[in-house]
Amino acid sequence: MVPKTPYGIWHGKPASYKYLRVWGSPAYVKRLVEDKLDSRSSLCRFIGYPKETVGYYFYDPAEQNIFISRNAVFLKKGFPSDSRRDEVLIEESSEEPQHDII
């Protein structure tokens, strides 16, 4: 096993991984807003890193498009739509089913 990575040998300190994000994690992303009263950020999902520029790829489910942005605040917990799946209520009826007799 190698005691140090090439980055650690070259720079004399271990690499920082704090900028790496989990694929699909939720984030509020600042968007270019045309109207003064519109929301300045939208809830999106992180989907990757672009090769050409610095930033992140995001998917906006409301507009159904993919875009690159550097301005994002990543949330620690899961996507809000995932919590709705956990809160499914099953209603049990105490009445007996009625059958139509012809």
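Each residue of the sequence shown is one higher than the one before, starting from 194 at the first, in the numbering used here.
Here a beta-carbon is modelled for each residue, glycine too, at the ideal position from N, C-alpha and C.
The structure presented is a predicted model; accordingly, all values stated were derived computationally and were not measured.
Per-residue burial, A220 [other beta carbons within 10 Å of its own, 16 or more giving buried]:
Result: buried.
Entirely enclosed alpha helix (DSSP H) segments - the stretch 196 to 229, minimum 4 residues
Whole alpha helix (DSSP H) segments, 4+ residues: 199 to 204.
Are the beta-carbon atoms of R233 and Y252 separated by less than 8 angstroms?
No, Cβ-Cβ distance for R233 and Y252 is not below 8 angstroms.
Where Y250 falls: helix, strand or coil (DSSP):
Looking at Y250 - three-state DSSP - the assignment turns out to be strand.
Using the Cβ count rule (16 or more neighbours within 10 Å means buried), how would you classify V222?
V222 comes out buried.
Alpha-carbon to alpha-carbon, K211 and K197:
Roughly 19 angstroms separates the two Cα atoms.
Taking all protein chains shown into account, decide if Y249 is buried (16 or more other Cβ within 10 angstroms of its Cβ) or exposed.
Buried.
Rounded separation between R263 and E245 - CA only
Each residue's alpha carbon lies about 13 angstroms from the other.
Any idea what DSSP makes of N258, helix, strand or coil?
If DSSP states are grouped into helix, strand and coil, N258 belongs with the strands.
Considering only DSSP beta bridges, list what L236 is partnered with.
According to DSSP, L236 bridges with Y221.
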